[in-house]
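A.B. asks: Residue numbers (our numbering): 1421 to 1570.
Heads up, the beta-carbon is just placed ideally off N, CA and C, and yes, glycines get one too.
(1) If you reduce the DSSP assignment to three classes, tell me which class residue 1432 lands in.
(2) Starting from the N-terminal side, write out each stretch of the beta strand (DSSP E) that is 3 residues or longer and does not extend beyond the region 1480-1523.
(3) Are residue 1503 and residue 1565 close, meaning C-beta to C-beta below 9 Å?
(4) Hey, how far is the Cα of residue 1498 from the Cα of residue 1517?
(5) Would you mind giving the Cβ-Cβ distance between residue 1479 and residue 1428, rounded to the nearest angstrom? I have them listed as a contact below 8 Å.
(6) Going by DSSP, which residues form a beta bridge with residue 1455?
(7) Is the beta carbon of residue 1527 less than 9 Å from the beta carbon of residue 1545?
(8) Between the C-alpha atoms of residue 1532 and residue 1446, what's the straight-line distance to the nearest angstrom?
(9) Can you name the start and end residues of the alpha helix (DSSP H) that residue 1558 belongs to?
(10) For the putative contact between residue 1462 and residue 1509, defined by C-beta atoms under 8 Å, what is the C-beta separation to the nearest angstrom?
(11) Taking DSSP's pairing of strands, which residues face residue 1463 in a bridge?
(12) Does DSSP put residue 1445 in a helix, in a strand, or in coil?
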């Protein structure tokens, strides 16, 4: 289901990494996401196994801090997106995946910090105009993609 996208050895994730992301988000990471990200960060979904073509290019962003990554890998990190992309969008969004074209999928903590919904962020539009609802939660997103196992 997953294939390498970044062909490099990545640093191990830590509970501090998780805590840092939850602090930025203002709420807990959705159930199942952290386990998936720890194992598959920097990997892409195999295109022919994805049920919904909207997710044909879906790469999990790196959860380790940018300072623990090489220069070429850092641009695929959540930290990089937070610093360079997210200032253009409403607060309360935490990017977690990329479509390889500059667009992002993000957890939306604005309505319910305990249970974020999923949005798509179009990098060609700024502010709320660039944010589109995708799924009511992480498990709904996984079902839409066709992921039955992490």
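C.D. replies: To lay it out plainly:
(1) coil
(2) 1513-1518
(3) no
(4) 8 Å
(5) With 8 Å as the limit, residue 1479 and residue 1428 do not qualify as a contact, their Cβ atoms being about 14 Å apart.
(6) DSSP, once it has assigned bridges, lists no residue as partnering residue 1455.
(7) Taking the C-beta atoms as reference points, residue 1545 is found no nearer than 9 Å to residue 1527.
(8) 10 Å
(9) Residue 1558 -> alpha helix (DSSP H) spans 1558-1565.
(10) Contact doesn't hold; Cβ gap of about 23 Å is too wide.
(11) 1424
(12) helix
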